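Below: the structure, in structure tokens.
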Amino acid sequence: MSHSTTTPGIVAGRLHPEEYTQHFDDLYPDFDPHEAMVAADRCYFCHDAPCITACPTEIDIPLFIRQIQAGQPDAAARTIFDQNILGGMCARVCPTETLCEGACVREAAEGKPVEIGRLQRYATDTLIARNAHPYTRAAPTGKRVAVVGAGPAGLACAHRLAMHGHDVIIHDRREKAGGLNEYGIAAYKAAHGFAQAEVDWLLQIGGITLRQGWTLGRDGTLADLQETYDAVFLGIGLAGVNALGLDGEDIPTARDAVDFIAELRQTDDLSTLPIGRHVVVIGGGMTAVDAAVQSRLLGAEHVTMVYRRGRDAMGASDYELNHAANEGVKIITNAMPIAIHANGTLREVEFAYTHAGETGLEPTGETFRLPADQLFKAIGQTLEGAPQGLTLDKRKIGADRAGRTSRAGVWAGGDCTGGGEDLTVTAVAQGRDAAESIHASLTGNDA
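Quick note, in the numbering used here, the sequence shown goes up one by one and the last residue is 1159.
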């Protein structure tokens, strides 16, 4: 949903054309081979390395770094892809500062970890740029699996199943595959069309068919899929968005942050994307940070993130919050929205300061208003369109560690399930592990 440039306070083209290219280029430049060797030299190649344990996909990090050090980036990439077929994107979007790099012994000793994320990106990008796919399919099994959702979980599941020789049909509601990698993260984290390049590379395994524009429930039910396929994997993500519950939040200039990010990611010319002069973002997670930072990069003069609890409870990492602050985003914590003031168009958002009381989070009685001509809501996403007959866990699809749901023949993984931290890397791990469980079931080897 785009907005007219005649909306007061919200206009396109706030910046010089060249500034858009500069602002939305890669956040970090690629390592060249010499830089990668120098960075790899800092690794201690620990036995029982804590970085491996900290990685949800359990990549053998010391091994791939040693392979880079030995001048074998292709071998390093294979080590990464064996565990995480979307290792290129994860190198860009993983919160490495709280995962592998946070666990690095050099972080503990010196406060400066080995740059694992950038080294992973160097290795994976080297292979993908050459359009080389290191895997071949096993002999065809004659089994067909439906995967619903072309996001990280669905793609990881599909690739592993295809490797085992099964035919996979991915059903997705969007025009492009990739899920959140394509539609839901900041453009400067996946610049130059990397998300689609990675999908195209992944599909080289063969045996995977994309059926796009297909929505579960509208175009087919879970029962329909089970009649047609030998197994079903659900990686449907979280399509619903939480509401503030305030009068006025349905005005056009108060938008869901996920819609804004998706529109930005699919806009060919960022100078045509309208942005406000005063932007308020409500939320404390990565979606809120991405919406706030990109508002600044589009030319918004005043951008404020407001979160109802303290900074220690925010879903975004300190690294991301510091990045937002460095881009000029003001961060206010312990404040909850209580009113939207509009007279045809948005004028102000009113907040009440909060504290921890006997009944939980309570307003202190002190309020303040922020001028706003544009409001982005990033207060969490919810499961939407879950098939009936599946047991839910905390309003998500219940699944065991292998991805099995309460319905025989149906597996699930990624953000739509109850486990994990809604991270790309976690979704990949769940899709991969579900594929192994599906393969075992289809071949009669499941325990």
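By construction, the Cβ of each residue, glycine as well, lies at the ideal position given by its N, Cα and C atoms. These figures come from a predicted structure and were not determined experimentally.
For threonine 1045, the CB contacts under 6 Å within the same chain, skipping 5 residues up- and downstream, are Tyr1019, Gly1022, Arg1023 in chain order.
The straight-line gap separating the alpha-carbon atoms of aspartate 912 and arginine 849 is approximately 16 Å.
Alanine 761 is positioned such that its CB atom lies closer than 9 Å to that of isoleucine 773.
Its Cα nearest to that of proline 986, the residue Leu976 stands out among Val993, Val992, Ile994, Leu976.
Of the other Cβ atoms in all chains shown, fewer than 16 fall within 10 Å of the Cβ of lysine 824; this residue is therefore exposed.
Judged by DSSP secondary structure, glycine 1077 falls within the beta strand (DSSP E) whose first and last residues are 1072-1083. Going by C-alpha positions, threonine 965 is about 7 Å away from threonine 1057. Comparing alpha carbon positions, the residue from Gln784, Ala787, Ile840, Ile777 closest to cysteine 812 is Ile777. DSSP places glutamine 1086 within a strand segment (E or B) once states are collapsed to three.
The continuous beta strand (DSSP E) containing threonine 1066 extends over residues 1058-1069.
A buried status is given to glycine 919, since no fewer than 16 other beta-carbon atoms sit within 10 Å of its beta-carbon. For valine 826, the secondary structure class from DSSP, reduced to helix, strand or coil, is coil. In the structure shown, the three-state DSSP call for glycine 1121 is coil.
Glycine 905 and glutamate 822 have their C-alpha atoms spaced approximately 36 Å apart.
Of the candidates Ala1111, Asp1127, Asp794, Ile882, Ala1111 places its Cα closest to the Cα of alanine 1120. Alanine 974 sits in a helix when the DSSP states are folded into three classes. When the alpha-carbon of aspartate 1030 is set against those of Pro720, Ala1068, Ile828, Pro807, the nearest one is in Pro807. Look at histidine 904 here: in three-state DSSP terms it is coil, with no helix or strand label. The DSSP-derived three-state label of isoleucine 1091 is coil.
From the listed residues Asp942, Cys816, Leu937, the smallest Cα separation to leucine 1154 is found for Asp942. Using a 10 angstroms sphere on the CB of proline 846, the tally of other CB atoms stays under 16, which defines it as exposed. A buried status is given to leucine 1082, since no fewer than 16 other beta-carbon atoms sit within 10 Å of its beta-carbon. For glutamine 924, the uninterrupted beta strand (DSSP E) run begins and ends at 920-924, by DSSP. When the alpha-carbon of glutamate 1148 is set against those of Ala874, Thr933, Asp884, the nearest one is in Ala874. Burial of lysine 855 is indicated by the presence of at least 16 other C-beta atoms within 10 angstroms of its C-beta.
Under the three-state reduction of DSSP, histidine 1053 is assigned to strand. For arginine 856, the enclosing beta strand (DSSP E) has its first and last residue at 856-860.
Judged by DSSP in its simplified three-state form, phenylalanine 776 adopts helix. Annotation: the continuous beta strand (DSSP E) that includes alanine 966 extends over 966-968. Arginine 1020 sits in coil when the DSSP states are folded into three classes, being neither helix nor strand. For lysine 1042, DSSP records a beta bridge to Thr1016.
The three-state reading of DSSP puts threonine 810 in coil, since its state is none of H, G, I, E or B. When rounded, the separation of the alpha-carbon atoms in valine 1061 and aspartate 968 is 15 Å. Histidine 759 sits in coil when the DSSP states are folded into three classes, being neither helix nor strand. Taking 9 Å as the cut-off, the Cβ atoms of asparagine 796 and alanine 1141 count as close. Contact between the region 1062-1077 and the region 1091-1102 is absent, with fewer than three C-beta pairs closer than 8 Å.
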